[in-house]
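**Q**
There are 2 protein chains.
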Amino acid sequence: MPQRLRVSPARFRVSDDPIDQAEVASSIAAPGSGAVVTFVGLVRDYNAGRQVLFLEYEAFAPLAVKSFDRIASEATEKWPSAALAIHHRTGRVRIGEASIAIAAVSPHRADAFAASRYAIERIKQISPIWKHEHFEGGEVWIEGATADLEDEAARRVALERACW
Amino acid sequence: MPQRLRVSPARFRVSDDPIDQAEVASSIAAPGSGAVVTFVGLVRDYNAGRQVLFLEYEAFAPLAVKSFDRIASEATEKWPSAALAIHHRTGRVRIGEASIAIAAVSPHRADAFAASRYAIERIKQISPIWKHEHFEGGEVWIEGATADLEDEAARRVALERACW
Numbered sequence: 015m016p017q018r019l020r021v022s023p024a025r026f027r028v029s030d031d032p033i034d035q036a037e038v039a040s041s042i043a044a045p046g047s048g049a050v051v052t053f054v055g056l057v058r059d060y061n062a063g064r065q066v067l068f069l070e071y072e073a074f075a076p077l078a079v080k081s082f083d084r085i086a087s088e089a090t091e092k093w094p095s096a097a098l099a100i101h102h103r104t105g106r107v108r109i110g111e112a113s114i115a116i117a118a119v120s121p122h123r124a125d126a127f128a129a130s131r132y133a134i135e136r137i138k139q140i141s142p143i144w145k146h147e148h149f150e151g152g153e154v155w156i157e158g159a160t161a162d163l164e165d166e167a168a169r170r171v172a173l174e175r176a177c178w
Numbered sequence: 015m016p017q018r019l020r021v022s023p024a025r026f027r028v029s030d031d032p033i034d035q036a037e038v039a040s041s042i043a044a045p046g047s048g049a050v051v052t053f054v055g056l057v058r059d060y061n062a063g064r065q066v067l068f069l070e071y072e073a074f075a076p077l078a079v080k081s082f083d084r085i086a087s088e089a090t091e092k093w094p095s096a097a098l099a100i101h102h103r104t105g106r107v108r109i110g111e112a113s114i115a116i117a118a119v120s121p122h123r124a125d126a127f128a129a130s131r132y133a134i135e136r137i138k139q140i141s142p143i144w145k146h147e148h149f150e151g152g153e154v155w156i157e158g159a160t161a162d163l164e165d166e167a168a169r170r171v172a173l174e175r176a177c178w
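Line by line, the protein sequences are chains A and B.
Residue numbering for the first sequence follows our numbering, starting at 15 and increasing by one per position.
Residue numbering for the second sequence follows our numbering, starting at 15 and increasing by one per position.
(1) So is residue 51(B) buried or exposed if we call it buried at 16+ other beta carbons inside 10 Å?
(2) Just list the beta strand (DSSP E) runs in the region 94–123 of chain A, keeping only unbroken ones of 3 residues or longer that don't cross its boundaries, in chain order.
(3) Between the Cα of residue 135(A) and the Cα atoms of 155(A), 110(A), 123(A) and 81(A), which residue gives the shortest distance?
(4) Between the Cα of residue 76(A) and those of 123(A), 26(A) and 130(A), spot the shortest distance and give me the residue it belongs to.
(5) If you follow the alpha helix (DSSP H) that residue 49(B) is in, where does it begin and where does it stop?
(6) Would DSSP call residue 131(A) helix, strand or coil?
(7) May I have the straight-line CA-CA distance separating residue 96(B) from residue 78(B), to the nearest angstrom?
(8) Span of the alpha helix (DSSP H) holding residue 87(B)?
(9) Beta carbons nearer than 7 angstroms to chain B: which residues of the region 35–50 of chain A have them?
(10) Just verifying my parser: in three-state terms, what is the DSSP assignment at residue 40(B)?
(11) Can you tell me whether residue 35(A) is buried or exposed? The criterion is at least 16 other CB atoms within 10 Å of its CB, across all chains shown.
(12) Comparing the C-beta of residue 103(B) with each C-beta of chain A, is any distance below 9 angstroms?
(13) Tell me which residues of the region 58–71 of chain B have at least one Cβ-Cβ distance to chain A shorter than 7 angstroms, keeping chain order.
(14) Can you tell me whether residue 27(B) is helix, strand or coil according to DSSP?
(15) Spell out whether any CB of chain B is found under 9 angstroms from the CB atom of residue 109(A).
(16) Please list, in chain order, all residues of the same chain as residue 28(B) whose beta carbon is under 7 angstroms from its beta carbon, the five residues on each side excluded.
(17) Does residue 92(B) pass the burial test, meaning 16 or more other C-beta atoms within 10 Å, or should it be called exposed?
(18) Mapping the DSSP letters down to three states, classify residue 156(A) as helix, strand or coil.
(19) Is DSSP giving residue 137(B) helix, strand or coil here?
(20) Indicate whether at least one CB of chain B lies closer than 9 angstroms to the CB of residue 130(A).
(21) Check whether the Cβ of residue 136(A) lies closer than 9 angstroms to any Cβ atom in chain B.
(22) How about residue 109(A) and residue 55(A): do their beta carbons lie closer than 9 angstroms?
(23) Using beta carbons (cut-off 9 angstroms, strictly below), is residue 149(B) in contact with chain A?
(24) Nearest-angstrom Cα distance between residue 59(B) and residue 66(B)?
(25) Can you grab the Cα-Cα spacing for the pair residue 144(B) / residue 46(B), in whole Å?
(26) Excluding the 5 residues preceding and the 5 following residue 41(A) in the sequence, name in chain order all residues of the same chain whose CB lies nearer than 7 angstroms to its CB.
(27) Quick check on the DSSP output: the beta strand (DSSP E) that includes residue 143(B) runs from which residue to which?
(28) To which residues of the same chain is residue 148(B) closer than 6 angstroms at the C-beta, ignoring the five residues directly before and after it?
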């Protein structure tokens, strides 16, 4: 009988493949995890008054994965019981599809919520991932480590509020 | 050819059936939903220094479902862009299995996070659901609308903090 190998899913991933939300959480599941908070970012049909056709994400993948690892370490310093897994999709992503999934597990729900929220704000702050929006009548680069200053100010407020 | 009916999954449910996390979120998915935050509560192997064998949840189901509906309305008053779905399991739930799943969708991630967190605290505060813990050497009723006062104080702090 052939031997079957079980490969654990990666905790941090940047890939053109569709995101499997259950796989993200399962990469960090443990018997002591009482709370799992999953954040999924979906491509919206409208943004800033424009009808969106699809998005394209570009990443500098090796450094993006490294940034996820760093963000997870930062979160574990702040909330020691929490562990994070982060998968980001690249390439063309259609309306309603997931561009990112972040899973946070902890014995305590407050830490899982906090770590998950921290991660999405930090990714938008430091990860080398850029969003190319194709809309009715045009296209534009709109997000990533190069996000505008107003967005950055709101992000800092969210990160500095030691909520939950 | 037989006609196939598509039945939308219920937004609010209390049932002995295992929880399907994807189904909870799909009950409120919409093309404008940019953010989905899912909270899943899993049965932990240890609690308060005791090795847990399994849990049993009892609910007064009609009122529990009604309380979920009320909590979702409260959340939508606070965060108008957010919608909630809540499924709670009853009966025997084993280690690692989900007892509850809450999905919050919104065009904006801050509202999805806030609504999801609000919901779990309010459920523990007002929903008629009780947890019977079976552990090595005994059993005890430990949670629900009858939660102890210290827990309740912490919950009020979380609910009153208008985070995110």
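Every residue, glycine too, gets a C-beta built ideally from N, C-alpha and C.
**A** To lay it out plainly:
(1) Within the second sequence, the letter at position 37 stands for residue 51(B). By the 10 Å Cβ count, residue 51(B) comes out buried.
(2) 97–103, 105–108 and 112–120
(3) Taking the first residue of the first sequence as 1, we reach residue 135(A) at position 121. The shortest C-alpha separation from residue 135(A) is found at 81(A).
(4) If you number the first sequence from 1, residue 76(A) lands on position 62. Nearest of 123(A), 26(A) and 130(A) to residue 76(A), Cα basis: 26(A).
(5) Along the second sequence, read from residue 1 onward, the residue named residue 49(B) stands at position 35. Looking at the DSSP string, residue 49(B) is not in any alpha helix (DSSP H); the run it does join, the beta strand (DSSP E), is 49–56.
(6) Here residue 131(A) corresponds to residue number 117 of the first sequence, with the count starting at 1. Here residue 131(A) sits in helix by DSSP.
(7) In the second sequence, counting from the first residue as 1, residue 96(B) sits at position 82. In the second sequence, counting from the first residue as 1, residue 78(B) sits at position 64. Roughly 21 angstroms separates the two Cα atoms.
(8) For the purposes of this step, residue 87(B) is taken as the residue at position 73 of the second sequence. Run containing residue 87(B): 75–92, per the alpha helix (DSSP H) assignment.
(9) The residues in question are 45, 46, 47, 48, 49 and 50.
(10) Along the second sequence, one-based indexing puts residue 40(B) at 26. It is helical.
(11) The residue given as residue 35(A) occupies position 21 in the first sequence. The residue is buried, with at least 16 neighbouring Cβ atoms inside 10 Å.
(12) The count along the second sequence starts at 1 and reaches residue 103(B) at position 89. No, its Cβ sits nowhere closer than 9 angstroms to a Cβ of chain A.
(13) 58, 59 and 60
(14) The residue you call residue 27(B) lines up with position 13 of the second sequence. In the structure shown, residue 27(B) adopts extended strand secondary structure according to DSSP, grouped into three states.
(15) Mapped onto the first sequence, residue 109(A) falls at position 95. It does; some Cβ of chain B falls within 9 angstroms.
(16) Along the second sequence, read from residue 1 onward, the residue named residue 28(B) stands at position 14. Cβ within range, chain order: 73, 75, 78, 79, 102 and 104.
(17) Numbered from its first residue, the second sequence carries residue 92(B) at position 78. Classification of residue 92(B): exposed, given that the 10 Å Cβ count is below 16.
(18) In the first sequence, residue 156(A) corresponds to position 142, counting from 1. Here residue 156(A) sits in strand by DSSP.
(19) Counting from one through the second sequence, the residue named residue 137(B) turns up at place 123. It is helical.
(20) Along the first sequence, read from residue 1 onward, the residue named residue 130(A) stands at position 116. Chain B, which has a Cβ nearer than 9 angstroms to the Cβ of residue 130(A), makes this yes.
(21) Along the first sequence, one-based indexing puts residue 136(A) at 122. No, its Cβ sits nowhere closer than 9 angstroms to a Cβ of chain B.
(22) Position 95 of the first sequence, counted from the start, is the residue given in the question as residue 109(A). Position 41 of the first sequence, counted from the start, is the residue given in the question as residue 55(A). Residue 55(A) is positioned such that its CB atom lies no closer than 9 angstroms to that of residue 109(A).
(23) The sequence position of residue 149(B) within the second sequence is 135, counting from 1. No, because no Cβ of chain A sits closer than 9 angstroms to the Cβ of residue 149(B).
(24) In the second sequence, counting from the first residue as 1, residue 59(B) sits at position 45. In the second sequence, counting from the first residue as 1, residue 66(B) sits at position 52. Taking the straight line from one Cα to the other gives about 5 angstroms.
(25) Indexing the second sequence from 1 puts residue 144(B) at position 130. Indexing the second sequence from 1 puts residue 46(B) at position 32. Cα atoms of residue 144(B) and residue 46(B): separation of roughly 36 angstroms, rounded to the nearest angstrom.
(26) Position 27 of the first sequence, counting from 1, holds the residue named residue 41(A). For residue 41(A), where only same-chain residues beyond five positions count, the Cβ hits under 7 angstroms are 22, 23, 24, 25 and 99.
(27) As a position in the second sequence, residue 143(B) is number 129, starting the count at 1. Counting along the chain, the unbroken beta strand (DSSP E) around residue 143(B) starts and ends at 143–149.
(28) Within the second sequence, residue 148(B) is the residue found at index 134, counting from 1. Answer for residue 148(B): 67 and 68, listed in chain order.
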